[in-house]
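Peer 1: Quick note on this note's numbering: the sequence shown kicks off at 542 and runs consecutively.
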Amino acid sequence: MVPNLNYDCFQNIFEHFESDQGTLFNCILVNRSWLKISIPYLWENPFSIVHRNGAANSKKLLKTIISMFPFDMLTEEKLNSCKYYKITYHEYGKSIRDYLDYMEIFKSVEFHGSIDKCSRVTPWKYKNLKNYYDENERKWISKYDESSISSILTNHIFNIIFRNCTKIRQFSLFNISNMTIRNNSFNNLSNLCYLEVGKPYYLGNIFRDCKKIKKIVIHFLFYNNIRDRWFDSSLLINFLKDQKELKAIHFSNRIDRNSRYYNQSKPIPEELLIQIHSIEELGLDCLMLPYKQLNTLSKLKHLEITLRKWRPETVAAFYNGLCPLLEVLKFQGHLPPLDVLAKFIGKTKGHLQCFYIKNPSQNHYNHTQLLLKSIAKSCPKLNSLSTIINITKDLSFLETLLISCNELKNFTLMSIDFMSQSLLQEQLRMMNENWGVVHEKCQYKKRKNIDSIRYNKYQIKLKNNLIDH
């Protein structure tokens, strides 16, 4: 008898079939053991299929998932009355699994993408979809109305999720009608621990029922005054007062670059600051808190900053910031001047364990040695590192860093300059013969109409941790 595969093996198989969803679909249909394992995997986050690799082939699988939802008879009849939208719905009460019981993650962006995909007609069929004039309605109506199907599916699936899914841990709410929120209770979502929202209004219903949230991500969503509406919102204040287990809060200020609010360093109201003073993780996307407020977050251990431009007042706020307990520091966008960054790292007092830079920049090569020295001097507990370096000039400082940060088992160096993989590996093995190097040529585009920045990425690992590419 063939032994059962463990969960990791099945996950690898499912990911392999992401680009061949027809095969995966057939496996699930014909094999009960596959069905038993695949159902929890697929239903944990069912609508994520639409954004995975091979999403172009996922329509059949998405329609199968939707057919499992317990729609009432009237809704099924409405949907099946549409000429090119046909699904055979299952009697949920007779299902071999309680599918909705497996759902743990819901993201409205993925959900809307799935609904759009399932309600869309194949382009060649449009030729036969002629409009007709409805005498009662006194208007021209298409024989196939995608928006109508999308609306029916959206409203009813939301209602089903709110009523039936009791194990959801992560919930992302964007572009959901206020009526849908108002007409549903969050009682069944009491296990929610991660929340992502785009409107203050959503919090009114949530905070009464969900008391275990550990992380919240707030998006300001492109409006010039929406950040002030959020910060001054009594709904947000009351929500935070109720979240006794809250450890992380991220602010995302993705608004127009020409707006006067863009990347602005602006204080938040004192009452809101009081509610978040004990958080351990802070994310700042396109905004920066003034240093006097950043310094009040005395328990902060994780700081993540995403900026596309560092204005003088933003640099000053970061320069004067103080986070003595910081363990994780990440930059997802542009960097501050490296001498300023070096000083900030020096104030972490030996606690920093992870330092991460996503992309290098051609403008930040004046103080790479100063940055490496600061890391070597101030971060003896460092175990994860991704940083910028002048690969042809800074190798001598690299040896000092590896001696000081002796818990590093792997790290990533990014450089505009090039050094051959074999030469760098030879240099590193003079320090430790077990170091191995994987070189990758990369590029990233800062924004439209700007040339891509090309750079070299060197992933360096001890031999027993080295992954072959």
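Quick reminder that beta carbons are idealized off the backbone N, C-alpha and C, glycines included.
Using 10 angstroms around the beta-carbon of residue 612, count the other beta-carbons present and answer buried if the total reaches 16, otherwise exposed.
Peer 2: Buried, because 16 or more other Cβ atoms sit within 10 Å of the Cβ of residue 612.
Peer 1: Is the beta carbon of residue 938 less than 9 Å from the beta carbon of residue 910?
Peer 2: The answer is yes: Cβ separation under 9 Å.
Peer 1: Near residue 710, which residues of its chain fall below 8 Å by C-beta distance, leaving aside the five closest residues on each side in sequence?
Peer 2: So the list reads 645, 646, 732, 733, 734 and 735, once near-sequence residues are dropped.
Peer 1: Check residue 723 in the structure and name its three-state DSSP category.
Peer 2: Reduced to three states, the DSSP call for residue 723 is helix.
Peer 1: Assign residue 958 to one of two classes, buried (16 or more other C-beta atoms within 10 Å of its C-beta) or exposed (fewer than that).
Peer 2: Flag for residue 958 reads exposed.
Peer 1: In chain order, what residues of the same chain have a beta carbon less than 6 Å from the beta carbon of residue 1004, not counting five sequence neighbours either side?
Peer 2: These residues qualify, in order along the chain: 975 and 977.
Peer 1: Near residue 774, what residues of its chain come up, given a Cβ to Cβ distance below 7 Å and the 5 sequence neighbours on each side ignored?
Peer 2: Excluding positions up to five away in sequence, the list reads 741.
Peer 1: Please classify residue 737 as buried or exposed, where buried requires at least 16 other C-beta atoms within 10 Å of its C-beta.
Peer 2: The residue is buried, with at least 16 neighbouring Cβ atoms inside 10 Å.
Peer 1: Does the pairing of the segment 852-866 with the segment 828-844 give three or more beta-carbon distances under 8 Å?
Peer 2: Segments in contact, yes.
Peer 1: Work out the CA separation of residue 876 and residue 746 for me, nearest whole Å.
Peer 2: Distance between the alpha carbons of residue 746 and residue 876: 39 Å.
Peer 1: For residue 955, name the three-state secondary structure that DSSP assigns.
Peer 2: Strand at residue 955.
Peer 1: Less than 9 Å separating the beta-carbons of residue 912 and residue 879?
Peer 2: Taking 9 Å as the Cβ cut-off, residue 912 and residue 879 qualify as a contacting pair.
Peer 1: Identify the residues that DSSP records as bridge partners of residue 875: which are they?
Peer 2: Paired residue(s): none; residue 875 is not in a bridge.
Peer 1: Determine whether the beta carbon atoms of residue 901 and residue 955 lie at a separation below 9 Å.
Peer 2: Yes; because the gap between Cβ atoms is below 9 Å, this pair is in contact.
Peer 1: Between the Cα of residue 840 and the Cα atoms of 892, 811, 577 and 873, which residue gives the shortest distance?
Peer 2: Residue 892 is the option with its Cα nearest to residue 840.
Peer 1: Using 10 angstroms around the beta-carbon of residue 997, count the other beta-carbons present and answer buried if the total reaches 16, otherwise exposed.
Peer 2: Residue 997 is buried by the Cβ-count criterion.
Peer 1: Secondary structure at residue 933, three-state DSSP: helix, strand or coil?
Peer 2: Residue state, collapsed to three classes: coil.
Peer 1: From what residue to what residue does the beta strand (DSSP E) around residue 824 run?
Peer 2: From DSSP, the beta strand (DSSP E) with residue 824 extends over 822-826.
Peer 1: With 16 as the cutoff for other CB atoms within 10 Å, does residue 500 come out buried or exposed?
Peer 2: With the chain covering only 542 through 1010, there is no way to say anything about residue 500.
Peer 1: Have a look at the DSSP bridge pairing and note the partners of residue 927.
Peer 2: Answer is 897 and 953, bridged to residue 927.
Peer 1: Using three-state DSSP, classify residue 579 as helix, strand or coil.
Peer 2: The answer is helix: DSSP assigns residue 579 an H, G or I state.
Peer 1: Given a threshold of 16 other Cβ atoms within 10 Å of its Cβ, counted over all protein chains shown, does residue 995 qualify as buried or as exposed?
Peer 2: Residue 995 comes out exposed.
Peer 1: Pick helix, strand or coil for residue 851, following the three-state DSSP scheme.
Peer 2: In this structure, residue 851 counts as coil in the three-state DSSP scheme.
Peer 1: For residue 842, count neighbouring Cβ atoms within 10 angstroms of its own Cβ and tell me buried if that reaches 16, exposed if not.
Peer 2: Buried: at least 16 other Cβ atoms inside 10 Å.
Peer 1: Would you identify the three-state DSSP class for residue 829, choosing helix, strand or coil?
Peer 2: Reduced to three states, the DSSP call for residue 829 is strand.
Peer 1: Between residue 577 and residue 936, what straight-line distance do the alpha-carbon atoms span, to the nearest angstrom?
Peer 2: Near 53 Å, if we compare the C-alpha coordinates of residue 936 and residue 577.
Peer 1: Could you tell me the alpha carbon to alpha carbon distance between residue 980 and residue 606, rounded to whole angstroms?
Peer 2: Taking the straight line joining both Cα atoms gives about 42 Å.
Peer 1: For residue 1001, name the three-state secondary structure that DSSP assigns.
Peer 2: If DSSP states are grouped into helix, strand and coil, residue 1001 belongs with the strands.
Peer 1: What residue from 815, 755 and 781 has the CA that sits closest to residue 789's CA?
Peer 2: Measuring from the Cα of residue 789, the nearest candidate turns out to be 755.
Peer 1: Which same chain residues, not among the five before or five after residue 616, have their C-beta less than 7 Å away from its C-beta?
Peer 2: For residue 616, where only same-chain residues beyond five positions count, the Cβ hits under 7 Å are 693 and 697.
Peer 1: Starting from the Cα of residue 581, find the closest Cα among 785, 600 and 643 and give me that residue.
Peer 2: Nearest option by C-alpha distance: 643.
Peer 1: What are the residues that DSSP puts in a beta bridge with residue 713?
Peer 2: Paired residue(s): 648 and 737.
Peer 1: Let me check understanding here. Comparing Cα to Cα, which of 907, 890 and 927 lies closest to residue 921?
Peer 2: If we check each option's Cα against that of residue 921, 890 comes out closest.
Peer 1: Can the beta-carbon of residue 923 be found less than 9 Å from the beta-carbon of residue 932?
Peer 2: Contact: no.
Peer 1: Taking only three categories from DSSP, how would you classify residue 659?
Peer 2: It is helical.
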